[in-house]
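Colleague:
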Amino acid sequence: MKIALLAMSGVRACDQELLRLGLTLPGFVDRSRIVASLPSLGLLCIAAHTPAGHELHYFEAEAAGREPPEIYGCDLVAISTFTAQAADAYAIADKLRQAGVRVAIGGLHVSCVPEEALTHADYVAVGEGESVWAAIVAAAERKAPPAIFRASDFPPVDLAAQPVPRFDLLGERPYNRYTVQTTRGCPWRCEFCASTVMLHSSYRRRPVEHVVRDIAAIERLHPGAFIEFADDNTFVDKTWGKALCRALLPLKVKWFTETDISVAEDAELLELMHEAGCRQVLIGLESPTAPALTGLEQRADRKARWAAGYADAIRAIQSHGITVNGCFILGLDGHTKDVFRQVEECAEAWALFDVQITLLTSFPGTPLYDRLLAAGRLLEPTAWHLCTLFDVNFRPTGMTPQELREGIYWLSQRIYSDEATRRRRKAFFQHFSNEPGYPRRSSAPAEAISPPSP
Ligand code: B12
Numbered sequence: 093m094k095i096a097l098l099a100m101s102g103v104r105a106c107d108q109e110l111l112r113l114g115l116t117l118p119g120f121v122d123r124s125r126i127v128a129s130l131p132s133l134g135l136l137c138i139a140a141h142t143p144a145g146h147e148l149h150y151f152e153a154e155a156a157g158r159e160p161p162e163i164y165g166c167d168l169v170a171i172s173t174f175t176a177q178a179a180d181a182y183a184i185a186d187k188l189r190q191a192g193v194r195v196a197i198g199g200l201h202v203s204c205v206p207e208e209a210l211t212h213a214d215y216v217a218v219g220e221g222e223s224v225w226a227a228i229v230a231a232a233e234r235k236a237p238p239a240i241f242r243a244s245d246f247p248p249v250d251l252a253a254q255p256v257p258r259f260d261l262l263g264e265r266p267y268n269r270y271t272v273q274t275t276r277g278c279p280w281r282c283e284f285c286a287s288t289v290m291l292h293s294s295y296r297r298r299p300v301e302h303v304v305r306d307i308a309a310i311e312r313l314h315p316g317a318f319i320e321f322a323d324d325n326t327f328v329d330k331t332w333g334k335a336l337c338r339a340l341l342p343l344k345v346k347w348f349t350e351t352d353i354s355v356a357e358d359a360e361l362l363e364l365m366h367e368a369g370c371r372q373v374l375i376g377l378e379s380p381t382a383p384a385l386t387g388l389e390q391r392a393d394r395k396a397r398w399a400a401g402y403a404d405a406i407r408a409i410q411s412h413g414i415t416v417n418g419c420f421i422l423g424l425d426g427h428t429k430d431v432f433r434q435v436e437e438c439a440e441a442w443a444l445f446d447v448q449i450t451l452l453t454s455f456p457g458t459p460l461y462d463r464l465l466a467a468g469r470l471l472e473p474t475a476w477h478l479c480t481l482f483d484v485n486f487r488p489t490g491m492t493p494q495e496l497r498e499g500i501y502w503l504s505q506r507i508y509s510d511e512a513t514r515r516r517r518k519a520f521f522q523h524f525s526n527e528p529g530y531p532r533r534s535s536a537p538a539e540a541i542s543p544p545s546p
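The sequence shown lines up with residues 93 to 546 when you count with the working numbering.
1) Mapping the DSSP letters down to three states, classify F521 as helix, strand or coil.
2) Can you find the residues in the same chain that come closer than 7 Å, C-beta to C-beta, to A209, ignoring five residues on each side of it along the sequence?
3) Tell me the DSSP secondary structure of V303 in three-state form.
4) Which complete beta strand (DSSP E) runs does the region 283-328 hold, if anything under 3 residues is left out?
5) Going by beta carbon distance, what residues of the same chain come within less than 6 Å of A99, once the five residues before and after it are set aside?
6) Near G490, which residues of its chain fall below 7 Å by C-beta distance, leaving aside the five closest residues on each side in sequence?
7) Can you give the Cα-Cα distance for S354 and Q190, rounded to whole angstroms?
8) Would you call the CB atoms of F482 and A105 closer than 9 Å?
9) Report the option in R338, L424, C438, Y508 whose CA atom is closest to the CA atom of P380.
10) Could you tell me the distance, in whole angstroms, from the CA atom of P160 to the CA atom of E154?
11) Nearest-angstrom Cα distance between L236 and V300?
12) Taking all protein chains shown into account, do 16 or more other C-beta atoms lie within 10 angstroms of the C-beta of E320, making it buried, or fewer, making it exposed?
13) Are the CB atoms of L200 and V169 nearer to each other than 9 Å?
14) Which of the three DSSP states is assigned to M100 in this structure?
15) I'd like to know whether the C-beta atoms of T274 and R305 end up nearer to each other than 9 Å.
16) Round the Cβ separation of A519 and A443 to the nearest angstrom and send it over; I've been treating them as touching at under 8 Å.
17) So for R269, helix, strand or coil by DSSP?
18) Identify every run of the alpha helix (DSSP H) within the region 391-469, keeping only runs that are complete inside it and at least 4 residues long; order them along the chain.
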């Protein structure tokens, strides 16, 4: 069969005012541009499990109506989507089926609402795709009737036995970064998290030699490529993390990852991360004030326990030449209108190299969704297109939905302005040029991740 892999791509926000502001704020736009172009690792992973004898092609579509015409000439189209673009993915799937093309769909969103997806696709994958993909291809070949394929009905995915994702299918497309996974999942349970925990409940590490193998495969295709680890929380296991960094040393790649603040507790690990090419860590700080963090991490209330140490931890990480992208969620229970000013103050005081502000978002399948739904706090319970992290779709406790909207407009203008960005970065460099032993290397730490100057 001729099989198309179709990734829903690009970044999204429905709020017109935020988009208008975004368009005038270089910091915001540059950041979006950097991340907007990432290939779908999920599709490349399942592609590597395609039984022999099929022809594979990789495509991307930013919206329905913008899908490549070539997909209509295929026998099977495998679509991957997150929640925000589910409606676009379904619209494309409907058109494909009308044209007689079989459609399979998978990813975080449909894993939570498979029955919804089955009204638009022939085959719906629930959970990790590696285990179900071959069965879906076989079903499409024999023109089997529509069905849901649950990974839980198949042998579990063994992360120590995975082939190299099919990076070769990306061809010469111009990506800023390429994604690789070093771990899957996260041992903590944050109420709002809509990431890998939606697919599989346990936290797993890959063999470090496989991570090295995958990066080497990317570097062979695209020498000098910048790597983004598509992990939820890379350095939970510090011993394994050090082994990973040591294995990465000879590759001389530069990379970015997402991890929790506990990485700051281990100076040896930070040193190794920097030596191994880590240029930035993205950390969910979530709130500038501790009370709003209480209960957020549901296993051991970790976020609330870590909050008092944020300033020192960020300093420890950045003093190793690794910049921190600190993420704040606006609208958490306990946040009042003061939160916007508090985020601005903390971002400056902690000299955060980059700041990410998003709105509390209840993705389907999360404990947060269930809680807000039960409390009647969701404005439009199935408005999946609003699950962008930038659109308000719930009633906060400490302000009105409109005050939350206006707060993010105000804060984005303040923290993403050229002046504030320059001030924070200057503080970062001044701050750490006074640190004993800094800079650790002759190269400026931020060189690989700084957005270009406007
Ligand atoms: C890389 C990334 C992107 C890339 C995506 C490139 C792409 N097309 O995949 C870009 C930058 C485009 C992006 C955009 C957005 N993202 Co994003 N992104 C990520 C990130 C960092 C990693 C995702 C990843 O690669 N995972 C690893 C792969 C292996 O897993 P996977 O994709 O789930 O695939 C597996 C299964 O789902 C399944 N599978 C997937 N597709 C298919 C298809 C078939 C047919 C089958 C059989 C199986 C299958 O098999 C795969 C292997 O097991 C995650 C955060 C994180 N740490 O995970 C956020 C994340 C996925 N993004 C998120 C969000 C909110 C967005 C945006 C809405 C942001 C915005 N405002 O625009 C947009 C969505 C637009 C869109 N494209 O739909 C949320 C999604 C939550 C949700 N449930 O929807 C996450 C979890 C981050 C968060 N803060 O919560 N993102």
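Backbone N, C-alpha and C fix where the C-beta goes; we use that ideal spot for every residue, glycine too.
Modeller: Judging by the given coordinates:
1) Here residue 521 is taken as the residue at index 429 of the sequence shown, counted from 1. It is helical.
2) For the purposes of this step, residue 209 is taken as residue 117 along the sequence shown, with counting starting at 1. I197, V202, V216, listed in sequence order.
3) To locate residue 303, count along the sequence shown from 1; it is residue 211. In the structure shown, V303 sits in a helix (DSSP, three-state: H, G or I).
4) 318-321
5) Here residue 99 refers to the residue found at position 7 of the sequence shown. If we look at A99 and ignore the five residues flanking it on each side, its Cβ neighbours are S132, L135, E152, S172.
6) As a working mapping, residue 490 is identified with position 398 in the sequence shown. Result list for G490: G426, H427, T428, in chain order.
7) Taking the first residue of the sequence shown as 1, we reach residue 354 at position 262. Taking the first residue of the sequence shown as 1, we reach residue 190 at position 98. Distance between the alpha carbons of S354 and Q190: 51 Å.
8) In the sequence shown, counting from the first residue as 1, residue 482 sits at position 390. In the sequence shown, counting from the first residue as 1, residue 105 sits at position 13. Taking 9 Å as the Cβ cut-off, F482 and A105 qualify as a contacting pair.
9) Locating residue 380 in the sequence shown gives position 288, counting from the first residue. Selected option, being the one with the closest Cα: C438.
10) Here the question's residue 160 lines up with position 68 in the sequence shown. Here the question's residue 154 lines up with position 62 in the sequence shown. The alpha-carbon atoms of P160 and E154 are separated by roughly 10 Å.
11) By 1-based counting over the sequence shown, the position of residue 236 is 144. By 1-based counting over the sequence shown, the position of residue 300 is 208. Here residue 236 is Ala; the residue named in the question, Leu, does not match the sequence. Using only the alpha carbons, I get a separation of about 39 Å.
12) Here residue 320 corresponds to residue number 228 of the sequence shown, with the count starting at 1. Burial state of E320 is buried, judged by a 10 Å Cβ sphere holding 16 or more other Cβ atoms.
13) Translated into the one-based positions of the sequence shown, residue 200 becomes position 108. Translated into the one-based positions of the sequence shown, residue 169 becomes position 77. No. Outside cutoff.
14) As a first step, residue 100 is located in the sequence shown; it is residue number 8 there, counting from the start. Three-state result, M100: strand.
15) Taking the first residue of the sequence shown as position 1, residue 274 is located at position 182. Taking the first residue of the sequence shown as position 1, residue 305 is located at position 213. No, the Cβ-Cβ distance between T274 and R305 is not below 9 Å.
16) Reading the sequence shown from its first residue, position 427 is the one you call residue 519. Reading the sequence shown from its first residue, position 351 is the one you call residue 443. Between A443 and A519 the Cβ distance is about 4 Å, and since that is below 8 Å, they are a contact.
17) As a first step, residue 269 must be located in the sequence shown, where it is residue number 177. DSSP places R269 within a strand segment (E or B) once states are collapsed to three.
18) You should have 394-398, 402-410, 431-441, 459-466.
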